[in-house]
Structures are given as structure tokens and as C-alpha cells.
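> Here it is, the structure in full.
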Amino acid sequence: MGRGDAFVHGAADTLRWWVREAGGCLVVDGAMGTELEAHGADLQDELWSARCLVSAPHLIRKVHLDYLEAGANIITTASYQATLQGFQSRGLSREQSEELLRRSVHIAQEACAIFLEGRSKGPYAARENNDGSTERRPVLVAASVGSYGAYLADGSEYTGDYGRSVTKESLKKFHRRRLQVLADAGPDLIAFETIPNKLEAQAYCELLEENDIRIPAWFSFTSKDGASAASGDPITDCAAVADSSRVAAVGINCTAPRLIHGLILAIKKVTSKPVVVYPNTGETYVAETKEWVDSAGGGGASATDFVSCVGKWRQAGASVVGGCCRTSPATVRAIARALREAGAAAADFDEYDDFPAVAVL
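Take the sequence shown: its position 243, counted from the start at 1, is 243 in my numbering, and no numbers get skipped.
Here is the structure:
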């Protein structure tokens with residue numbers, strides 16, 4: 001299946017195809033912001049990693065490549081905090097702001113092209129195994145769409161409390177053009193990330209339909225208690241919102257690893273779509289100080305800790321697995337290795353063997 005193609009059977013089946021091509025589970029990359037800081041970027045800014053779209057695009061490309069080399073199938077663009085409103089508040093024009101959104105996708109696509117050069121033809125990377133056989137894996141770009149709370153940069157992305165003045169219509173107005181620009185840039189997927197409440201998920205669903213977005217999307221919510229989204233909306237209610245042919249997968253991100261297993265089971269009760277999970281290390285973000293603190297006293301989950309959970313998450317029903325805040329290429333490398341060693345064969349996708357690829361959902 002070529003880049004930009006989709007299956008006529010719907011977004012979820014498109015993702016199932018990619019999962020099958022990956023051997024049973026797709027690997028998502030890890031944190032962007034902390035990796036940029038590790039490479040010397042200054043992110044003390046409300047734009048966070050999106051600042052580097054202006055000041056250091058080469059560092060973003062480097063981080064993407066690090067994750068691809070670690071074994072990621074999906075790299076997410078540095079657009080989580082990138083909004084037209086945020087860029088324009090810094091004095092950029094509408095045209096300049098839209099170009100930065102497009103740049104986030106193009107940088108990721110460039111990283112994929114560099115990574116694939118000499119390895120294969122098409123959107124697949126070839127890996128030579130110890131026995132001399134060659135293993136292919138898909139390499140995909142997901143355009144990251146952060147929540148309205150991420151734009152506010154006041155911690156509300158982790159509470160879902162936007163105030164009474166914020167309505168579904170105002171959220172649609174906020175996200176509409178940003179979503180269209182990112183989609184037009186040609187990513188393989190659109191990742192609506194760290195969704196803190198049901199209202200914003202409803203807005204996203206309607207935008208996908210109204211803007212006729214023909215790129216598979218996933219919705220990932222954040223949870224603090226393992227039963228509900230950050231806002232307190234039951235996670236089952238949130239997951240049920242994504243019952244749209246344009247939504248490929250539903251899941252959880254930026255949530256403590258210890259909560260993931262129960263959340264997968266809850267989501268599976270209300271949807272048959274693929275489940276995506278990419279937790280953080282279990283630390284808590286403090287908006288006032290813009291720091292991550294170890295609230296559990298365990299120092300955060302290590303790469304080894306993640307590996308010990310991956311099999312359990314897969315058995316519970318997750319077919320897309322990665323890391324979020326505070327994870328690293330080492331985390332992703334450990335996840336990818338664990339999946340390879342396990343064979344990642346929990347799901348049966350034989351019914352999709354002969355899907356014809358077409359350019360529309």
C-alpha cells in the first residue's frame with residue numbers, strides 16, 4: 001500500500017492493513033520535546049516543540065530519524081503545540097503560520113525519505129534478520145493535533161476544564177483551518193492527541209466529516225484514574241464518540257503505564273476499532289512550573305518497565321504501541337525489540353490480504 005493511499009473499506013481497515021504489514025503491531029515514536037532539549041533546543045516557550053519549526057527544523061528532523069532508527073513505524077509531527085492562533089500571537093502572518101504547519105509534515109516526510117534511502121522502495125523499511133531473511137516494516141507520518149488546552153498552555157489539556165464559554169462550535173472554529181492545512185500537507189495519518197474531554201472529541205468527529213478529511217485519524221485520550229478522561233467523562237463514553245468511518249483507532253496517550261491495561265479493556269467494550277496506546281513515564285506535569293515531577297516515587301518508567309508491559313497491552317487488545325512524554329528512542333527501541341521477539345502475532349488479519357488500495361476512504 002503506497003503512501004497517501006487508503007482503503008475503500010474505511011479508516012479502521014486501512015490501519016488494520018498497516019498493522020498486518022508491520023507483523024501484528026505498529027510502533028509509535030516517543031517524546032519530541034525532551035529529545036529536542038537533549039539536542040540543545042530551548043523550549044521555554046508556550047509554543048514548546050513547535051518553536052523549533054522556526055528556529056531549528058534540523059533538530060526536529062534529527063529526532064524523527066532517531067526514532068526511525070530505533071524501530072518506530074509511525075513518527076508524529078512537531079505540530080502538537082502548533083496552531084495558527086499561537087503563531088499569529090507571535091507576529092507571524094496567516095500565510096507564514098500555515099506554512100509552518102505544512103513544514104511540520106514535510107520535515108517528517110523528509111526524515112522518512114532519508115531513512116528509507118538505500119533500504120527499500122516505497123514506504124517500507126527492510127531489515128535483515130540474523131537468519132539472513134529480510135523483514136519489511138511500514139514507515140508512516142502522523143500529523144499531530146494537540147487539544148485546545150495545549151494551545152492555552154495552562155495545564156487544561158490535563159484537566160479538560162476549558163470553562164463554560166468554550167463550546168463544541170468554538171472548538172471546531174479553533175481547529176478547522178489548522179486541521180485542513182495539516183491534512184493537505186499529505187500525512188499518512190492524523191493523530192488527535194491528549195484529548196481531555198468528550199466535547200473536543202465530538203468537535204473533531206464533526207470536523208472530519210464537514211471538511212471531508214480522507215486521511216485515517218486516531219483519537220487518543222488522557223486519563224488520571226484509569227476509568228475516565230482527564231475531565232471526568234467516562235472513557236467508554238469518550239471512545240464511543242469515535243464511531244465514525246473516518247476514525248481509524250481509539251486509545252490513550254500521556255497517561256501512566258500502570259493505568260493502560262484497564263483502559264484498553266474498557267475501550268474494547270465499546271469499539272471494535274484498533275486500539276492505540278502510548279503512555280508517558282508515569283510522572284505528572286505541573287503547569288505552574290512547566291516541569292514533570294515524580295508523583296509515584298518510582299522515578300518514572302524505564303525502557304525495561306515499558307517492555308514488561310507491552311505483552312500485557314497486546315494481549316488486552318492494543319495494536320499500536322509507543323511512548324509519550326519523557327520517553328526516548330531507547331524506550332521505542334525496547335518496545336520494537338520486544339515485539340519482534342514475541343512475533344507480534346496476536347491478531348489475525350488474513351481477511352485483509354487482498355484489499356485493493358484506492359485513493360479515497
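Beta carbons: idealized from backbone N, C-alpha and C, even for Gly.
Taking Cβ to Cβ, would you say residue 68 is nearer than 9 Å to residue 75?
Reading the sequence shown from its first residue, position 68 is the one you call residue 68. Reading the sequence shown from its first residue, position 75 is the one you call residue 75. Yes. Within cutoff.
> Assuming contact is defined by CB atoms lying nearer than 9 Å, are residue 28 and residue 142 in contact in what I supplied?
Numbered from its first residue, the sequence shown carries residue 28 at position 28. Numbered from its first residue, the sequence shown carries residue 142 at position 142. In this structure, residue 142 lies closer than 9 Å to residue 28 by Cβ.
> Near residue 343, what residues of its chain come up, given a Cβ to Cβ distance below 6 Å and the 5 sequence neighbours on each side ignored?
Residue mapping note: residue 343 aligns to position 343 of the sequence shown, counting from 1. Around residue 343: no qualifying Cβ.
> Looking at residue 276 and residue 249, is the spacing between their C-beta atoms short of 9 Å?
Position 249 of the sequence shown, counted from the start, is the residue given in the question as residue 249. Position 276 of the sequence shown, counted from the start, is the residue given in the question as residue 276. In this structure, residue 276 lies closer than 9 Å to residue 249 by Cβ.
> Residue 137 by DSSP, collapsed to three states: which one?
Numbered from 1 along the sequence shown, position 137 holds the residue referred to as residue 137. DSSP places residue 137 in strand when its eight states are reduced to three.
> What residues match up with residue 234 in a beta bridge as DSSP calls it?
Indexing the sequence shown from 1 puts residue 234 at position 234. Per DSSP, 228.
> Taking the alpha-carbon positions, what's the residue 292 to residue 150 distance?
Your numbering for residue 292 matches position 292 in the sequence shown. Your numbering for residue 150 matches position 150 in the sequence shown. Summary for residue 292: the model assigns pLDDT 47, below 50, so the residue's position carries little reliability, and this model does not support an answer.
> Beta-carbon separation of residue 266 and residue 222 under 9 Å?
The residue given as residue 266 occupies position 266 in the sequence shown. The residue given as residue 222 occupies position 222 in the sequence shown. No; because the gap between Cβ atoms is not below 9 Å, this pair is not in contact.
> Assuming contact is defined by CB atoms lying nearer than 9 Å, are residue 107 and residue 72 in contact in what I supplied?
By 1-based counting over the sequence shown, the position of residue 107 is 107. By 1-based counting over the sequence shown, the position of residue 72 is 72. Contact flag unset, no.
> Using the Cβ count rule (16 or more neighbours within 10 Å means buried), how would you classify residue 328?
Residue numbering aside, residue 328 sits at position 328 when the sequence shown is read from its first letter. When all chains shown are included, residue 328 counts as buried.
> Report yes if the C-beta distance between residue 26 and residue 15 is below 9 Å; otherwise report no.
Position 26 of the sequence shown, counting from 1, holds the residue named residue 26. Position 15 of the sequence shown, counting from 1, holds the residue named residue 15. Yes, these two residues count as a Cβ contact at 9 Å.
> Using the Cβ count rule (16 or more neighbours within 10 Å means buried), how would you classify residue 243?
For this step, residue 243 is matched to residue 243 along the sequence shown. Exposed, by the Cβ-count rule.
> Can you name, in chain order, every residue of its own chain whose Cβ lies under 6 Å from the Cβ of residue 131, other than the five neighbours on each side?
Stepping through the sequence shown from its first residue, residue 131 is reached at position 131. Here the model assigns residue 131 a pLDDT of 49, short of 50, so the residue's position is not dependable, and the following value carries that caveat. No residues qualify anywhere along the chain.
> Under a three-way DSSP split, which group does residue 244 fall into?
In the sequence shown, residue 244 corresponds to position 244, counting from 1. Note: residue 244 maps to coil in three-state DSSP.
> So, using beta-carbon positions, are residue 160 and residue 220 closer together than 9 Å?
In the sequence shown, the residue the question calls residue 160 occupies position 160. In the sequence shown, the residue the question calls residue 220 occupies position 220. No, the Cβ-Cβ distance between residue 160 and residue 220 is not below 9 Å.
> Among 86, 21, 306, 45, which one has its Cα closest to the Cα of residue 174?
Indexing the sequence shown from 1 puts residue 174 at position 174. Nearest option by C-alpha distance: 86.
> Could you please give me the residues that DSSP links to residue 192 through a beta bridge?
Residue mapping note: residue 192 aligns to position 192 of the sequence shown, counting from 1. Paired residue(s): 145, 219.
> When you compare each of 64, 136, 316 to residue 259 by their alpha carbons, which one comes out closest?
The residue labelled residue 259 in the question sits at position 259 within the sequence shown. Of the listed residues, the one whose Cα sits closest to residue 259 is 316.
> Are the CB atoms of residue 182 and residue 102 within a distance shorter than 9 Å?
The count along the sequence shown starts at 1 and reaches residue 102 at position 102. The count along the sequence shown starts at 1 and reaches residue 182 at position 182. Result yes, Cβ atoms of residue 102 and residue 182 sit closer than 9 Å.
> Skipping 5 residues on each side, what residues in its chain have a beta carbon closer than 8 Å to that of residue 198?
Position 198 of the sequence shown, counting from 1, holds the residue named residue 198. So the qualifying residues of the chain are 229, 231, 233, 237, 238, 241.
> Just curious, the alpha helix (DSSP H) that residue 181 is in, first and last residue?
In the sequence shown, residue 181 corresponds to position 181, counting from 1. Segment 168 to 184, the alpha helix (DSSP H) holding residue 181.
> Less than 7 Å between C-beta atoms, sequence neighbours within five positions excluded: which residues of the same chain meet that for residue 11?
Along the sequence shown, one-based indexing puts residue 11 at 11. Contacts found: 216, 217, 245, 246, 247, 248, 361.
> Spell out the partners DSSP gives residue 280 in its beta bridges.
Sequence index remark: in the sequence shown, residue 280 carries index 280 (1-based). DSSP output for residue 280 lists no bridge partner at all.
> Assign residue 133 to buried or exposed, taking buried as 16 or more other Cβ atoms, counted over all protein chains shown, within 10 Å of its Cβ.
Locating residue 133 in the sequence shown gives position 133, where the first residue counts as 1. With a pLDDT of 49 at residue 133, under the threshold of 50, the modelled position of this residue cannot be trusted; read the value that follows with caution. Residue 133 should be labelled exposed.
> Hey, could you find the ends of the alpha helix (DSSP H) residue 105 is sitting in?
The residue labelled residue 105 in the question sits at position 105 within the sequence shown. Element bounds for residue 105: 94 to 116.
> Less than 9 Å separating the beta-carbons of residue 172 and residue 210?
Position 172 of the sequence shown, counted from the start, is the residue given in the question as residue 172. Position 210 of the sequence shown, counted from the start, is the residue given in the question as residue 210. Yes, Cβ-Cβ distance for residue 172 and residue 210 is below 9 Å.
> Mapping DSSP to helix, strand and coil, what is residue 14?
Here residue 14 corresponds to residue number 14 of the sequence shown, with the count starting at 1. In this structure, residue 14 counts as helix in the three-state DSSP scheme.
> Should residue 114 be labelled buried (16 or more other beta-carbon atoms within 10 Å of its own) or exposed?
Against the sequence shown, residue 114 aligns to sequence position 114. Answer is exposed; the Cβ neighbour count stays below 16.
> Mind checking residue 304: buried by the 16 CB within 10 Å criterion, or exposed?
In the sequence shown, counting from the first residue as 1, residue 304 sits at position 304. The residue in question, residue 304, is exposed, as its Cβ has fewer than 16 Cβ neighbours within 10 Å.
> Within 10 Å of its beta-carbon, does residue 299 have 16 or more other beta-carbons around it, so buried, or fewer, so exposed?
Here residue 299 refers to the residue found at position 299 of the sequence shown. Note that residue 299 scores a pLDDT of 48, beneath 50, so its modelled location is shaky; the value from the coordinates is reported in the next line. That one is exposed.
> Do you know how far the Cα of residue 50 is from the Cα of residue 204?
Here residue 204 refers to the residue found at position 204 when the sequence shown is read from its first residue. Here residue 50 refers to the residue found at position 50 when the sequence shown is read from its first residue. If I take the Cα positions, the gap works out to 21 Å.
> Who pairs with residue 76 in a beta bridge, going by DSSP?
Locating residue 76 in the sequence shown gives position 76, where the first residue counts as 1. For residue 76, which the question treats as bridged, DSSP gives the partners 142.
> Buried or exposed: which applies to residue 17, given that a residue is buried once 16 or more other Cβ atoms fall within 10 Å of its Cβ?
On the sequence shown, residue 17 is found 17 positions in, with the first residue counted as 1. With 16 or more other Cβ atoms within 10 Å, it is buried.
> Return the Cβ separation of residue 254 and residue 194 in integer angstroms, given the expectation that the two are a contact with Cβ distance under 8 Å.
By 1-based counting over the sequence shown, the position of residue 254 is 254. By 1-based counting over the sequence shown, the position of residue 194 is 194. Contact holds; Cβ gap of about 5 Å.
> Does residue 192 pass the burial test, meaning 16 or more other C-beta atoms within 10 Å, or should it be called exposed?
Reading the sequence shown from its first residue, position 192 is the one you call residue 192. Buried is the call here.
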